[in-house]
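**Student:** Structure provided below as structure tokens; questions to follow.
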Amino acid sequence: MALTLIFRLGDDLYGLEIDTIQEIIEDPVHHYAPLAHGVLKGAINFHGQILAVVDLPELLGFAGEQRDHRQLVLTHDCQSMVLLVSCVERIVNI
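Numbering of the sequence shown is given in the numbering used here, commencing with residue 28 and proceeding in unit increments.
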């Protein structure tokens with residue numbers, strides 16, 4: 028069994044293994060990235076590391092959705108990024 032963070036995009040639920048989530052942060056200051064793709068909402072300073080902020084609802088076609096004030100810091104293969112999601116729901120054992 029694996030611990031999985033469940034989050035919402037529109038009416039759908041999705042999950043990420045908790046091992047890929049470094050931290051859940053609240054309302055970080057986003058720094059605008061001029062000429063960036065529409066799903067790239069800027070960057071944040073996360074403990075001295077500059078991370079890209081990706082708008083997952085917009086990337087997957089849920090452009091009109093609200094965004095949670097909590098954002099997911101993901102790390103995989105030494106690469107990190109921040110994901111915006113519609114709503115962070117809960118952690119479950121799958």
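Cβ atoms here follow ideal geometry from the backbone N, Cα and C, with glycine treated the same way.
Note that the coordinates shown come from a computational prediction; the quantities given were computed from them, not determined experimentally.
1) Apart from the five residues just before and just after L32, which ones in its own chain have a Cβ nearer than 6 Å to its Cβ?
2) Take V66 as the anchor and find which of V81, A60 and V109 has the nearest alpha-carbon.
3) Using the Cβ count rule (16 or more neighbours within 10 Å means buried), how would you classify D104?
4) Can you tell me where the alpha helix (DSSP H) holding L83 begins and where it ends?
5) What separation, rounded to the nearest whole angstrom, lies between the Cα atoms of N72 and L101?
6) Helix, strand or coil for D95, going by three-state DSSP, please let me know.
7) Run through DSSP, which three-state label would D46 get?
8) For D39, which option in E92, N120, Q98 and Q106 has the closest C-alpha, if you only look at C-alpha atoms?
9) Based on Cα-Cα distance, which residue from P61, R94 and A63 lies nearest to P84?
**Tutor:** Considering the structure as presented:
1) Within the sequence shown, residue 32 is the residue found at index 5, counting from 1. In chain order, L43, I45, I48 and I118 place their CB closer than 6 Å to the CB of L32, counting only its own chain and leaving out the 5 sequence neighbours on each side.
2) Here residue 66 refers to the residue found at position 39 of the sequence shown. Closest by alpha carbon: V81.
3) Residue 104 sits at position 77 when you count from the first residue of the sequence shown. When all chains shown are included, D104 counts as exposed.
4) Counted from its first residue, the sequence shown places residue 83 at position 56. From DSSP, the alpha helix (DSSP H) with L83 extends over L83 to L86.
5) Counting from one through the sequence shown, the residue named residue 72 turns up at place 45. Counting from one through the sequence shown, the residue named residue 101 turns up at place 74. Rounded to the nearest angstrom, the gap between the Cα atoms of N72 and L101 is 14 Å.
6) Start at 1 with the first residue of the sequence shown, and residue 95 comes out as number 68. D95: coil per DSSP, three-state reduction.
7) Stepping through the sequence shown from its first residue, residue 46 is reached at position 19. It is helical.
8) Here residue 39 is taken as the residue at index 12 of the sequence shown, counted from 1. For D39, the closest C-alpha among the options E92, N120, Q98 and Q106 is that of E92.
9) On the sequence shown, position 57 is the one that residue 84 refers to. Checked all of P61, R94 and A63; the closest Cα to P84 is R94.
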